[in-house]
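Read the structure below first, then the notes.
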Amino acid sequence: MHSNRSLKISLIIMILLATAGLGWYFFKKYKNENANPVSGLKPKVEMGIGQISNITDSTIDLSLKLLVDNPLPVGMDVERFDYFVQMNGVTIIEDEYAKPLSINPRDSTLVTIPAKLKIAKLKKEGDSEAATGQDSADYHFEGRFHLKKAILGKDSITLDMDKRLPLYRLPKVEIVDYDMTKFRLGKSEVVLKLKFSNQNPFPVQFENPAYAVDLGKQDRLAEGSVKGVTKVKGKSSELYEIPLAIDMGKVLKAAGQLVSKGKGLPFTLYFKSKLVSENDIFKNSDVNIIVNGTLKDLETVQKNLSK
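The numbering of the sequence shown is the UniProt record's numbering, which starts it at 1 and goes up by one.
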């Protein structure tokens, strides 16, 4: 009798334990299936550099490619977003994208953003990294996306990303010397020596470059162009002699300024070309550079080159 009672108690305990186990299993399953589908999910952003469209003496016009991924079961309607880009901790781009952006549920969209970069900031950081032998840099993108409709009680979300990308350096154009050798009545010729420097590991080409030079107060003292392609290998510099037609009447007008100011007479070079490269960043970029200096500067550069 006592043994039968013990057996019944054991069976009851086993049934209770089994029931509790099954109850916990179904509770966890129900919780997972009916949990808030938004919790734990967060939109992501990826950034890439698209293409440089124009290079001047102070700014670069380029495009940024943003891939915004929305894993949420609800769409995202963005009114606008503020963003900045840092290279090795230095802010090189800071702007706002004012156009509306709509991203479907569980979908991604690619956005092309026009941006303007100040060369001084890029050059300072680029020179610092290049001095240590670095060919790449750490880029950080951060954007605050303002939403038309709040999601989880938030009317804006902040997305950021970090990525290691190549350290791009701008090709440089400098006047290093000039030689006025051919003089004729009416028009003459001056040979302008330019130095093209390419500090990138890949080659670049200047296509159909055109030039104009102001001397003192005399505008367009000399003008010229070269048909074809001028190629500069990666991490190298090349010197090129450019023939420029000048008007002797303009030279005579500038002569008075030359007498009074001597080698302190200022000049301005206007350089225009199309940049061609196997690298997609620089492919078909317009180059519009203005170089300012004095005749004394040219003399100093010439002496340094001859050392």
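Virtual Cβ for every residue (Gly too), placed ideally from N, Cα, C.
Is the separation between the beta-carbon of Ala222 and that of Ile246 shorter than 7 Å? yes
In chain order, what residues of the same chain have a beta carbon less than 6 Å from the beta carbon of Lys283, not counting five sequence neighbours either side? Within the same chain, Lys283 has close Cβ partners Ser277.
Which value, in whole angstroms, describes the spacing of the CA atoms of Met87 and Glu46? 15 Å
Are there three or more Cβ pairs, one per stretch, closer than 8 Å when the region 132-148 is compared with the region 81-101? yes
In its own chain, which residues sit with a C-beta less than 6 Å from the C-beta of Leu192, not counting the 5 before and 5 after it? Tyr178, Ile242 and Leu244
Just to confirm, are Pro171 and Val204 a CB contact at a threshold of 7 Å? yes
If we ignore side chains and look at the alpha-carbon of each, how far apart do Lys274 and Gly75 end up? Between Lys274 and Gly75, the C-alpha separation is close to 42 Å.
For Ile119, name the three-state secondary structure that DSSP assigns. helix
Buried or exposed for Phe26, going by 16 or more other Cβ atoms inside 10 Å? Note that Phe26 has pLDDT 39, beneath the 50 cutoff, so the model's placement of it is unreliable and no number is given.
For Lys154, three-class secondary structure by DSSP: Correct three-state label for Lys154: strand.
Spell out the partners DSSP gives Asn198 in its beta bridges. Ser236
For Asp286, which residues of its own chain have a beta-carbon under 6 Å away from its beta-carbon, when the five flanking residues on both sides are left out? Asn54
Who are the Cβ neighbours of Asp135 in its own chain at under 7 Å, not counting the five residues just before and after it? Pro166, Leu167 and Pro201
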